[in-house]
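Protein chains: 2
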Amino acid sequence: MIEDRHSVVLSRLRDFVGGAELPDGGRLPPERELAESLDVGRTALRKALATLQAEGVVWRHVGKGTFAGERPMDTVADINAMVQRTNPLEVMGARIAFEPEVARCAALNATPSQIAELRSCMVKAQQAPTWRLYEQWDNRLHRLIGEASQNSLLLGLLDTLNAVRRAVTWGRLRDTPVRPPADHHSFEEHARIVEAIANRDGAAAADAMRKHLRSVESHLRDARG
Amino acid sequence: MIEDRHSVVLSRLRDFVGGAELPDGGRLPPERELAESLDVGRTALRKALATLQAEGVVWRHVGKGTFAGERPMDTVADINAMVQRTNPLEVMGARIAFEPEVARCAALNATPSQIAELRSCMVKAQQAPTWRLYEQWDNRLHRLIGEASQNSLLLGLLDTLNAVRRAVTWGRLRDTPVRPPADHHSFEEHARIVEAIANRDGAAAADAMRKHLRSVESHLRDARG
DNA sequence: ATTTTCAACCAATTTCCGATTGGTTCGAGA
DNA sequence: TCTCGAACCAATCGGAAATTGGTTGAAAAT
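Chains A and B are the protein sequences, given in the same order.
Okay, so the first sequence: first residue is 0 according to numbering that gives the first Met the number 0, each after it adds one.
Okay, so the second sequence: first residue is 0 according to numbering that gives the first Met the number 0, each after it adds one.
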């Protein structure tokens, strides 16, 4: 009669979590206490708790306890926390996954004046007299694309991504007095992106952005590897 | 000769922060140690530190210490700000742009145990006895896909997006005792996504996720007019 | 007189250690 | 075969103690 034993413990448990209001936010007593109070072995109790957890009625965490209801989510996007967990390779991966789709949206939604601004920004980047200024205009170009998507949420996510990127690659700023070479690979890639957006070609914009970021990634690899 | 004394301490300090690489992230020794090591009174040292802080060369915080460089910014992405600016349509647009690419990464990076978890979660969603529980398992499924991407930054961005989504669609939860119909459109769509991930087919995973979200979007439109 | 120094204290923060808790293993026993 | 009890593990929590920048006041030095 294994099934009987299990069912009995289960129903007693259900009564416990449903019947009484748990004093602390949905938290129920530790397994050892609960086992004794229900006059059951800890093993059987844990088996029943596992069932309830599979049903989504309770959730557990080592060191915290067992709780009734839904598992609470992290509602704060702490950029510092992301920076702690991530690394430059992941950041590049996230950019390659995310920014091409932003560019696709931009191609479909950009206003003519935004397209003009994109072109202007691109030229400014090409004429930048130093690497630092070039990167400044490059950043602005990528953010303008986010603005051109006309989706404030996408823009917010892009800003978050950039904040993490800046934090992770901190100190890697090139501050040489040299200017980027006239045949810098990014120039043509930027042009392709902007033209695709101007042509309202979402697929081409996404593709050009992906190629651009992959190019940046490979150059990063060369520089450091 | 007040000025002289001050200047001497200042220059010695500047040498200290500029000359040697600080072992811990820009942190320099506590004032009491530093004062002794520089053979200066703590008062004089603090005066010099105040000058450096005014120049932005160092920053200090009670209980933490004194650090070289710029004070790190308050880096919590303000979800509330995004919620203020956006709307449900934008949220859906952002999901359609973002989540398919996350699914693509998941297809390439998921571990076998994560794939098993995805399948289990999908079944749980199909068997959910109420709409609320279904949405709970649906949310978990989408987040599991984010975890399976093995990119903590993508996961962080996904969590941010979900936090905004929850805030925007708050109060729209269906809590009817009815269960989702057995032929609910999402069931087959979920299956397609999970199978594409299991087959390591990134393109198919992205495509299935996009179709799924578009389907959700159209049903939202129908429901709310 | 004015400034510097020193000691003591305050409040914010970190660090450390012990207690708690879910997760796991193992052998005895029903 | 399953259950029970015990022991142990790793993650977490809680609080005491140490650390640290900030402040005050009296003594000492100039």
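Where is the CB? At the ideal position from N, CA and C, for every residue including glycine.
If you measure from the beta carbon of S81(A) to each beta carbon in chain B, is any gap under 8 Å?
The question names Ser, but residue 81(A) is Met in the sequence shown. So yes, M81(A) belongs to the interface.
Taking DSSP as the reference, what is the three-state secondary structure of A147(B)?
helix
Simplified DSSP assignment, three categories, for T65(B):
strand
Which residue's Cα is closest to the Cα of R26(B): A49(B), L88(B), D158(B), G68(B)?
The shortest C-alpha separation from R26(B) is found at G68(B).
At 7 Å on the CB atoms, spell out the chain A contacts of N150(B), in chain order.
E89, G92, A93
If we ignore side chains and look at the alpha-carbon of each, how far apart do R13(B) and V39(B) end up?
14 Å
Hey, does V56(B) have any beta-carbon neighbour from chain A nearer than 8 Å?
no
Quick one: grab the DSSP three-state call for V57(A).
strand
Given this structure, state the Cα-to-Cα distance separating V193(B) from A204(B), to the nearest angstrom.
8 Å
With a threshold of 16 other CB atoms inside 10 Å of the CB of G145(B), please say whether the residue is buried or exposed.
buried
Use the C-beta contact count for I1(A): other C-beta atoms within 10 angstroms, 16 or more gives buried, fewer gives exposed.
With a pLDDT of only 44 at I1(A), under the threshold of 50, the placement of this residue in the model should not be trusted; the figure read from the coordinates follows. The residue in question, I1(A), is exposed, as its Cβ has fewer than 16 Cβ neighbours within 10 Å.
Between which residues of its own chain and A127(A) is the CB-CB distance below 6 Å, once the five residues before and five after are set aside?
Y133, W136
Taking all protein chains shown into account, do 16 or more other C-beta atoms lie within 10 angstroms of the C-beta of N161(B), making it buried, or fewer, making it exposed?
buried
Give the DSSP-derived three-state secondary structure of L37(B) in the structure shown.
coil
Is E30(A) closer than 8 Å to L9(A) when the C-beta atoms are compared?
no
Based on Cα-Cα distance, which residue from D221(B), L212(B), V57(B), S185(B) lies nearest to V122(B)?
S185(B)
To the nearest angstrom, report how far apart R103(A) and A202(A) are at their CA atoms.
Rounded to whole angstroms, the gap between the alpha carbons of R103(A) and A202(A) is 6 Å.
Under the DSSP definition of a beta bridge, which residues are partnered with L27(B)?
T65(B)
Between R178(B), V61(B), E35(B), N86(B), which has its C-alpha nearest V167(B)'s C-alpha?
Among R178(B), V61(B), E35(B), N86(B), the Cα nearest to that of V167(B) belongs to N86(B).
Neighbourhood of A105(A) by C-beta distance below 7 Å, restricted to the same chain and skipping five residues each side
I144, A147, S148, I196, A204
Give the residues of chain B in contact with V101(A), contact being defined as C-beta atoms less than 8 Å apart.
A96
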